[in-house]
Amino acid sequence: MTHPRLVRATQFEDVMIHYDDVAEWMVQASQPFIGWLLSEEAYDFVRSSLVRESSEYSIQHTTLLIEGDHCVGEVSAMRGDKLSTVRLADMQALLAEAKSSRGVSLSERLRISRDWFHPVSPEDFYISTLGIDPSRRRSGFGRMLMQDAISRAADEGHGTARLDVSANNVAALSLYRSLGFETISRIRIDALATEYIAMGLQILPASDA
Amino acid sequence: MSHFSKEDIRAFILEFVRDALEAKGLTPIDVSNDFDLLLEGAIDSFGFIELFVAIEDQFGIEVDVTEVSVDVLTTLGPLAQHIASLGSSGGYE
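Chains as they are written, first to last, in our numbering: chain C, -8 to 200; chain A, 508 to 600.
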């Protein structure tokens, strides 16, 4: 079996071949929130956002795990201040698309959900999505991708890595805990019938690690 | 339509975020034109929608949060300048 390799999506010339899969995994990693916000349009939004310059789902923030000719997983991460900016750009893009049809309900949903996620500090390294090929789960790929993201955070001098995860996502929670992430807060969201758990990991400087 | 200047818009925005500024120990006098409303935590993403609704009510112009680049939208001086320019040209249409 070919040993899987990690590659920044922007430096991978065959990246476009994998867009459909990556978008699907990002949507899965963003559930249940994204399904509640966008229902059946979630996939199209994420798929089109991969190639946008300013989006939480932009491929610029993504690292891929490639095994042979197959992409088997992705992790997307960025600085906390960048996260604020791309989430604003995503809100603009959604509202612009929704102007004609369901703009009112979308903006009502944006209002309702504005406090659902624990704040991210500008200096934090935020892990936005971790997506794995469903047929290749339990292969250690999630751990490889997360360890790469954590070492990037250390290399870039971040003191904390942050993420948010639904309490329903038992496998991801277990992985994050095993990597040392600790719960910062839990926010009960009745509309999603779940809790979102904000987690943080203190990062040792790269030179001490 | 009433006439208004960039300074009027700037003052209105600062009043809109007054509580958040005070929580950071700032007053409007402390805030420069390159102040980033988003990254400084004065306003969140959804807050820009509320701000634009408030500006429409106050100044009687149409402003669309989706038609402003993020750099302009979040920075006090450029945002005030942009909205003032809409007022002088009668809006988007």
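Ideal Cβ positions, reconstructed from N, Cα and C, are used throughout, including at glycine.
This one's a predicted model, so the numbers in the text were calculated from it and none came from an experiment.
Hey, residue i and residue j: beta-carbon distance below 7 Å or not?
{"i": "residue 117 of chain C", "j": "residue 82 of chain C", "result": "no"}
{"i": "residue 0 of chain C", "j": "residue 50 of chain C", "result": "yes"}
{"i": "residue 37 of chain C", "j": "residue 7 of chain C", "result": "no"}
{"i": "residue 577 of chain A", "j": "residue 590 of chain A", "result": "no"}
{"i": "residue 573 of chain A", "j": "residue 80 of chain C", "result": "no"}
{"i": "residue 45 of chain C", "j": "residue 77 of chain C", "result": "yes"}
{"i": "residue 174 of chain C", "j": "residue 188 of chain C", "result": "yes"}
{"i": "residue 524 of chain A", "j": "residue 549 of chain A", "result": "yes"}
{"i": "residue 156 of chain C", "j": "residue 166 of chain C", "result": "no"}
{"i": "residue 561 of chain A", "j": "residue 517 of chain A", "result": "no"}
{"i": "residue 75 of chain C", "j": "residue 53 of chain C", "result": "no"}
{"i": "residue 567 of chain A", "j": "residue 511 of chain A", "result": "no"}
Taking residue i as the query, report the chain C residues whose CB atoms sit under 8 Å from its CB, ordered along the chain.
{"i": "residue 545 of chain A", "result": "75, 76, 79"}
So with CB distances below 7 Å, who are the chain A contacts of residue i?
{"i": "residue 87 of chain C", "result": "573"}
{"i": "residue 101 of chain C", "result": "553"}
{"i": "residue 239 of chain C", "result": "Past the boundaries of the shown model lies residue 239 of chain C; chain C is included only from -8 to 200, so the question cannot be answered."}
{"i": "residue 82 of chain C", "result": "552"}
Taking residue i as the query, report the chain C residues whose CB atoms sit under 7 Å from its CB, ordered along the chain.
{"i": "residue 520 of chain A", "result": "By Cβ distance, chain C contributes nothing, its closest Cβ being about 16 Å from residue 520 of chain A, past 7 Å."}
{"i": "residue 551 of chain A", "result": "105"}
Which residue from the options puts its Cα closest to that of residue i?
{"i": "residue 15 of chain C", "options": "C:126, C:173, C:157", "result": "C:126"}
{"i": "residue 141 of chain C", "options": "C:152, C:183, C:-6, C:34", "result": "C:152"}
{"i": "residue 105 of chain C", "options": "A:557, A:562, A:571", "result": "A:557"}
{"i": "residue 99 of chain C", "options": "C:165, C:161, C:27", "result": "C:27"}
{"i": "residue 158 of chain C", "options": "C:170, C:136, C:181, C:171", "result": "C:181"}
{"i": "residue 519 of chain A", "options": "A:563, A:593, A:579", "result": "A:563"}
{"i": "residue -7 of chain C", "options": "C:25, C:59, C:113", "result": "C:59"}
{"i": "residue 119 of chain C", "options": "C:103, C:191, C:178, C:101", "result": "C:191"}
{"i": "residue 583 of chain A", "options": "A:595, A:567, A:546", "result": "A:546"}
{"i": "residue 544 of chain A", "options": "A:594, A:585, A:568", "result": "A:585"}
{"i": "residue 64 of chain C", "options": "C:123, C:114, C:170", "result": "C:123"}
{"i": "residue 130 of chain C", "options": "C:162, C:109, C:146", "result": "C:162"}
{"i": "residue 172 of chain C", "options": "C:148, C:47, C:146, C:137", "result": "C:137"}
{"i": "residue 43 of chain C", "options": "C:31, C:24, C:10, C:25", "result": "C:10"}
With a cut-off of 8 Å on the beta carbons, I'd call residue i and residue j a contact; round off their distance for me.
{"i": "residue 71 of chain C", "j": "residue 111 of chain C", "result": "4 Å"}
{"i": "residue 62 of chain C", "j": "residue 139 of chain C", "result": "In fact, because the Cβ distance is near 15 Å, the residues do not count as touching under 8 Å."}
{"i": "residue 184 of chain C", "j": "residue 121 of chain C", "result": "Actually they do not touch by this definition, with Cβ atoms about 22 Å apart."}
{"i": "residue 57 of chain C", "j": "residue -4 of chain C", "result": "5 Å"}
{"i": "residue 101 of chain C", "j": "residue 553 of chain A", "result": "5 Å"}
{"i": "residue 580 of chain A", "j": "residue 555 of chain A", "result": "6 Å"}
List, in chain order, every chain C residue whose beta-carbon is nearer than 9 Å to that of residue i.
{"i": "residue 568 of chain A", "result": "What residue 568 of chain A touches in chain C: nothing, since even the nearest Cβ is about 18 Å away."}
Which residues in chain A sit within 9 Å of residue i, going by Cβ to Cβ distance?
{"i": "residue 98 of chain C", "result": "553, 556"}
{"i": "residue 137 of chain C", "result": "The contacting residues do not exist; residue 137 of chain C stays about 27 Å from chain A at best."}
To be precise: take each residue of the segment 52 to 73 of chain C, compare its Cβ to all Cβ atoms of chain A, and keep it if any distance is under 8 Å. Which residues remain?
Listed by position along the chain: 72.
What are the residues in the segment 112 to 134 of chain C lying within 9 Å of chain A by C-beta distance?
Within the segment 112 to 134 of chain C, the residues whose Cβ lies closer than 9 Å to some Cβ of chain A are 113, listed in chain order.
Determine which residues of the segment 159 to 171 of chain C have a Cβ less than 8 Å from any Cβ of chain A, and write them out in chain order.
When CB distances to chain A are screened at a threshold of 8 Å, not a single residue of the segment 159 to 171 of chain C falls below it.
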